[in-house]
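Have a look at the structure below before the remarks.
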Amino acid sequence: MQAFKQALMVVLLAGLIGTVAVLGKPTSGGPGTPLGNEEALNRYGFYLREVSHECGINFTHQAPTLDPKLEHIMPIIASMGASVTVVDFDHDGWPDLYVVNSGEGSKNALYRNQHDGTFKDVAEEMGVADLNKPGTGVCMGAVWGDYDNDGYEDLLIYKWGKPELYHNDHGKGFTRVTDKAGLPKWVNANSAIWLDYDGDGQLDLLICGYWREDIDLWHLDTTKIMPNDFEYATNGGRKYLLRNRGDGTFEDVTEKVGLTSRSWTLAVAAAHLCGSRYPDIFLANDYGVSELYANQDGTKFVELGKQSGIRAPKSGMNVSFGDIYNQGCFSAYISNITEPGQLIQGNNLWVMEKPNAGSDIHFMNEANSLGVEQGGWSWGAQFGDLNNDGQLDLYLTNGYISTDNPESYWFDYSQIAGAFKGIIEDAKNWPAMKGRQLSGHQQKHVWVNRGGKFIEVAQAVGVTDTYDGRSVALVDLLNRGVLDVVVANQKGPLLVYKNTVKPGHEWIQVELEGTRSNRSAIGAQVRLYWNGQQQLQEVSGGDGYASQNMRRLHFGLGENPHLEKAVIQWPSGQEQTLTDLKPGQLYPVKEPK
């Protein structure tokens with residue numbers, strides 16, 4: 005794979021830069037052809053229907069307006085922030101949605117599930133709406149975790165600005181505890197997760213800077229704020245690993261544990277990849293190489309670097325994990341940029357060669373051979389069994405900057421990408437956009453897993469929108485045993501796709517609560533065994549791009565499943581086995597004391 009700058013310059017010299025190509029264009033009779041609902045159901049086992057307005061959801065994301073010195077490239081700078089996360093904030097057994105806005109003075113939304121297919125925005129009355137006040141920065145995303153183990157999920161909002169922490173007052177409202185908690189004063193962050201990195205039963209926080217933390221994007225002292233390289237940028241924001249002291253306060257232990265990255269991180273996720281009982285950290289980095297930090301013993305992280313097989317510099321924008329082969333180990337999907345005739349980075353699907361190999365872990369990129377490499381200007385993606393056939397499918401959002409102007413910015417973009425570091429780093433040197441588009445109006449991608457080979461079916465199953473997608477979350481909105489899809493779009497509407505699955509495709513769900521482990525059970529793994537196979541899933545504290553799926557774990561089972569057992573590996577190290585399981589059931593499981 006050629007490096008970013010070299011690829012762009014080769015294309016430039018060949019004279020190929022011109023009209024923007026739109027990915028996912030259907031061909032007659034192929035998987036991209038729109039089908040009727042019944043035909044989609046018979047052919048692929050499911051179809052999706054967009055129902056946001058029917059649900060009472062009318063939310064449109066707003067972008068920020070930054071320092072006037074950036075006006076000529078404002079659409080590029082202010083192109084992030086559309087985020088959606090899932091939480092049962094009032095503990096009534098029904099999943100709710102939290103959506104952030106990014107315009108100065110705009111309001112976030114907390115959609116409470118009304119149990120009848122509709123939602124009501126209660127963010128204002130709950131005290132978590134007005135979080136984009138001038139002078140405090142703007143919201144980029146949010147993640148939920150029960151940091152004080154009281155049984156209710158608390159809310160961390162990360163921003164280009166001051167991060168905020170809100171305590172959940174037993175579902176009746178939220179109290180701002182930012183100052184008491186001791187969060188950093190200013191982090192230009194595009195990602196954050198909850199995790200229990202040291203296994204002490206208390207949830208810790210990892211907040212990842214994108215821009216440097218000394219930059220106020222509304223009041224610039226200098227325009228030298230851009231990456232100092234398109235391949236190996238080293239001037240991004242620092243990372244903040246905040247250890248939970250157990251008294252409502254957090255301690256910055258970033259340097260102590262060895263998280264030294266200064267990459268331009270757009271996405272982060274944690275999972276047990278290297279075989280220990282402590283979670284490892286995966287960073288998807290823009291303008292550089294993705295990084296895997298192996299957790300040694302809950303006290304130190306070591307970046308595995310090239311020895312892990314992850315080498316090529318790309319434009320990482322997503323981290324999501326899935327057991328795609330049903331072999332009991334995770335693969336990692338990292339999204340990047342592909343624009344035919346312009347730049348072919350390709351998305352990465354990192355598959356472990358030797359699972360649980362500690363620091364000797366090694367990955368192979370199988371995105372091309374499995375059919376999930378070409379995804380346009382890709383952003384958020386999630387694995388989930390959309391048709392309940394027992395295999396994890398993949399939903400991908402994409403599209404960068406869509407405008408009504410048919411002219412493309414790609415030629416100018418290639419010129420700045422191929423320039424010297426000193427030129428790239430100064431925003432004033434970037435050519436003005438002048439209303440042009442950049443990889444806009446792209447068709448989304450939905451890939452169905454056919455036992456190790458993925459088939460693109462987006463338009464065939466009803467996903468036809470071409471908004472600039474950013475964040476995607478999977479959730480069983482109506483407690484029906486199917487995964488619905490919620491998508492947040494940059495400067496676009498929040499979309500809710502209701503899923504209909506082929507009758508006879510069975511399922512099971514597991515909802516965990518820790519006792520010795522953190523109460524949210526983040527980091528707990530469940531291995532489900534049925535019909536002579538297994539599938540591994542892990543409770544996540546945030547993954548994808550600026551997103552968080554529902555807390556409970558959903559397993560599709562296919563037809564006529566014979567359930568054998570589920571083995572739970574709790575973060576505390578305790579193992580628990582469930583037997584006598586039946587399809588079509590949600591199993592709440594509390595960790596044995």
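According to the working numbering, the residues represented by the sequence shown are 5 to 597, in order.
The beta-carbon is built from N, C-alpha and C at its ideal position, and this holds for glycine as well.
Model, not experiment: these values are computed from the prediction.
Round the Cβ separation of residue i and residue j to the nearest angstrom and send it over; I've been treating them as touching at under 8 Å.
i      : j      : result
Lys448 : Asp469 : 6 Å
Gly403 : Ser443 : 7 Å
Gly496 : Gly394 : With a Cβ gap of about 33 Å, Gly496 and Gly394 do not count as contacting.
Gly213 : Ala193 : 5 Å
Trp148 : Val91  : 4 Å
Ala273 : Phe286 : 5 Å
Gly326 : Leu245 : In fact, because the Cβ distance is near 25 Å, the residues do not count as touching under 8 Å.
Trp434 : Ile77  : 5 Å
Arg474 : Gln494 : 5 Å
Leu400 : Ala385 : 4 Å
Leu499 : Val491 : 4 Å
Asn248 : Gln206 : 4 Å
Asn289 : Ser324 : Not really, about 15 Å apart at Cβ, beyond 8 Å.
Tell me which same chain residues have a C-beta within less than 6 Å of the C-beta of residue i, skipping the five on either side of it?
i      : result
Asn153 : Arg523
Lys318 : Asn340 and Gln349
Cys598 : No answer is possible for residue 598: the residues shown for the chain start at 5 and end at 597.
Tyr591 : Val514
Trp215 : Asn192 and Gly241
Met554 : Val90, Pro99 and Val479
Pro35  : Low per-residue confidence applies at Pro35: pLDDT is 45, beneath 50, and the placement is therefore not dependable enough to give any value.
Tyr291 : Pro231, Phe234, Ala237 and Trp268
Which stretch, first to last residue, makes up the beta strand (DSSP E) that contains residue i?
i      : result
Trp190 : Here Trp190 belongs to no beta strand (DSSP E), and DSSP marks it neither H nor E.
Gln538 : Gln537 to Glu542
Glu4   : Lying before the first or after the last residue shown, residue 4 is absent from the chain, which here runs from 5 to 597.
Ile328 : Here Ile328 belongs to no beta strand (DSSP E), and DSSP marks it neither H nor E.
Met144 : Gly141 to Gly149
Gln206 : No beta strand (DSSP E) contains Gln206, which DSSP labels as neither H nor E.
Ser335 : Ser335 to Ile338
Helix, strand or coil for residue i, going by three-state DSSP, please let me know.
i      : result
Met368 : strand
Val261 : helix
Ile427 : helix
Asn172 : strand
Ala316 : coil
Arg47  : helix
Asn433 : helix
Gly309 : helix
Trp164 : strand
Val355 : strand
Ser418 : helix
Met78  : helix
Asn299 : strand
Val465 : helix
Pro592 : strand
Leu561 : strand
Glu235 : coil
Lys73  : helix
Leu481 : coil
Leu374 : helix
Lys382 : Reading the sequence as shown, one finds Ser at residue 382 and not Lys. If DSSP states are grouped into helix, strand and coil, Ser382 belongs with the strands.
Asn117 : strand
Glu108 : coil
Asn41  : helix
Ser363 : helix
Ile285 : strand
Which same chain residues, not among the five before or five after residue i, have their C-beta less than 8 Å away from its C-beta?
i      : result
Val593 : Val514, Glu515, Leu516, Glu517, Ile572, Gln580 and Leu582
Gln537 : Asn330 and Gly394
Ser576 : Gly203, Gly205, Gly518, Arg520, Ser521 and Glu595
By Cβ distance below 7 Å, which residues in the same chain neighbour residue i in space, the five residues on each side in sequence not counted?
i      : result
Met2   : Because the chain is modelled from 5 through 597, residue 2 falls outside the range shown and cannot be assessed.
Glu568 : Tyr533 and Trp534
Lys184 : Gly252 and Thr253
Asp256 : Tyr244 and Leu246
Asp218 : none
Thr407 : Gly439, Arg440, Gln441 and Gly444
Trp381 : Ile341, Glu343, Asn402, Gly403, Tyr404, Ser443 and Gln446
Gly186 : Thr253 and Phe254
Gly121 : Cys59 and Leu482
Within the continuous alpha helix (DSSP H) that includes residue i, where are the two ends?
i      : result
Val183 : Per the sequence shown, residue 183 should be read as Asp rather than Val. First-last of the alpha helix (DSSP H) with Asp183: Thr182 to Ala185.
Using 8 Å as the threshold, is the stretch 191-202 in touch with the stretch 541-549, meaning 3 or more CB pairs across them?
Yes, since at least three Cβ pairs between the stretch 191-202 and the stretch 541-549 fall closer than 8 Å, the two stretches touch.
Are at least three pairs of beta-carbons, each pair with one atom in the stretch 525-544 and one in the stretch 61-74, less than 8 Å apart?
Verdict: no, contact absent.
Are three or more beta carbon pairs between the stretch 92-111 and the stretch 448-458 nearer than 8 Å?
The stretch 92-111 and the stretch 448-458 do not touch, with fewer than 3 CB-CB distances between them shorter than 8 Å.
Pairs of beta-carbons, one from the stretch 130-140 and one from the stretch 164-173, closer than 8 Å: are there three or more?
The stretch 130-140 vs the stretch 164-173: in contact.
Contact between the stretch 552-561 and the stretch 382-391 (3+ Cβ pairs under 8 Å)
Verdict: yes, contact present.
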